[in-house]
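Participant:
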Amino acid sequence: MSRTARTPHTLTIGMVVYDRHYDMPATITDFVGPFVCLTRPTGLTWRAPQASVRPATAYERRQLRAIARLHAERQRGTGPA
Numbered sequence: 043m044s045r046t047a048r049t050p051h052t053l054t055i056g057m058v059v060y061d062r063h064y065d066m067p068a069t070i071t072d073f074v075g076p077f078v079c080l081t082r083p084t085g086l087t088w089r090a091p092q093a094s095v096r097p098a099t100a101y102e103r104r105q106l107r108a109i110a111r112l113h114a115e116r117q118r119g120t121g122p123a
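In terms of the numbering used here, the sequence shown has 72 at position 30, counting the first letter as 1, and numbering is strictly consecutive.
#1: Which residue marks the beginning of the beta strand (DSSP E) containing R96, and which one marks its end?
#2: Let me know the secondary structure DSSP gives I70 once reduced to three states.
#3: When the distance is taken between beta carbons, is G85 closer than 8 Å to T69?
#4: Within 8 Å, do at least three Cβ pairs link the stretch 106-120 to the stretch 86-97?
#5: Report yes if the CB atom of P67 is closer than 8 Å to the CB atom of F77, and no otherwise.
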């Protein structure tokens with residue numbers, strides 16, 4: 043099983059990407075055949091076709107970090123409900 047995939051963009055594990063089908067940024071955790079395994083800081087995971095993801099923009103990476111902070115605050119009970 044390859045740990046990198048060749049598409050118009052080089053995708054790697056740990057890379058933040060934007061999934062056009064789900065309309066949200068996520069982090070690549072693995073590659074399974076023609077699919078990319080994605081995860082969000084909240085624990086949501088899914089597989090997407092490699093063709094439907096692209097490298098995230100700086101704005102989308104900031105969105106993902108903000109979601110991670112908010113989720114951590116909610117887990118501690120200190121964030122907004």
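Virtual Cβ for every residue (Gly too), placed ideally from N, Cα, C. Since this is a predicted model, take the numbers as computed values, not measurements.
Facilitator: This is what the structure gives:
#1: 95-97 is the extent of the beta strand (DSSP E) around R96.
#2: Strand at I70.
#3: Contact flag unset, no.
#4: Pairwise C-beta distances place the stretch 86-97 out of contact with the stretch 106-120, as fewer than three of them are shorter than 8 Å.
#5: Taking 8 Å as the Cβ cut-off, P67 and F77 do not qualify as a contacting pair.
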